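The next block holds one structure in the form of structure tokens; read it before the comments.
In UniProt numbering, the protein residues as written are 1 to 93.
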């Protein structure tokens, strides 16, 4: 798989700007992600693994969304996002 870090970094800048603009969104997003880590559903990538280029690196885009009738945030991981003609879903399915 191609390393999609550059495109994810660009899209992460948009998320960063929103987090800086909207304090309530930032607090809810942070709490949601911290809860995923606390429950063991996600984990931080060790520093030494951030520069891997062995063909097994794929960064997953994530974003916060709200249901139209509910006020609770959900962080959605976009495994279908494609880069150079492939996606994580395409590789796994």
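The C-beta atom is built at its ideal place from N, Cα and C for all residues, glycine as well. Only a predicted model underlies this, so the values are computations on that prediction, with no experimental measurement involved.
Mark residue 88 as exposed unless 16 or more other C-beta atoms lie within 10 angstroms of its C-beta, in which case mark it buried. Here residue 88 corresponds to residue number 88 of the chain shown, with the count starting at 1. When all chains shown are included, residue 88 counts as buried.
Does residue 29 pass the burial test, meaning 16 or more other C-beta atoms within 10 Å, or should it be called exposed? Against the chain shown, residue 29 aligns to sequence position 29. Its Cβ being crowded by 16 or more others within 10 Å, residue 29 is buried.
Which same chain residues, not among the five before or five after residue 83, have their C-beta less than 7 angstroms away from its C-beta? Within the chain shown, the letter at position 83 stands for residue 83. Excluding sequence neighbours, residue 83 sits near 2, 4 and 7.
Would you report the Cα separation of residue 81 and residue 27, rounded to the nearest angstrom? Against the chain shown, residue 81 aligns to sequence position 81. Against the chain shown, residue 27 aligns to sequence position 27. Taking the straight line from one Cα to the other gives about 26 angstroms.
Secondary structure, alpha helix (DSSP H): runs of 4+ residues fully inside the region 9-41: Within the region 9-41, the complete alpha helix (DSSP H) runs of at least 4 residues are 23-38.
CB-CB under 8 angstroms to residue 10, same chain, minus the five flanking residues each way: which ones, in chain order? Walking along the chain shown from the start, residue 10 turns up at place 10. Excluding sequence neighbours, residue 10 sits near nothing in its chain.
Below 8 angstroms on the Cβ atoms is my guess for residue 64 versus residue 73; work out the distance and round it to an integer in Å. As a working mapping, residue 64 is identified with position 64 in the chain shown. As a working mapping, residue 73 is identified with position 73 in the chain shown. The pair is a contact, with the Cβ atoms about 5 angstroms apart (cut-off 8 angstroms).
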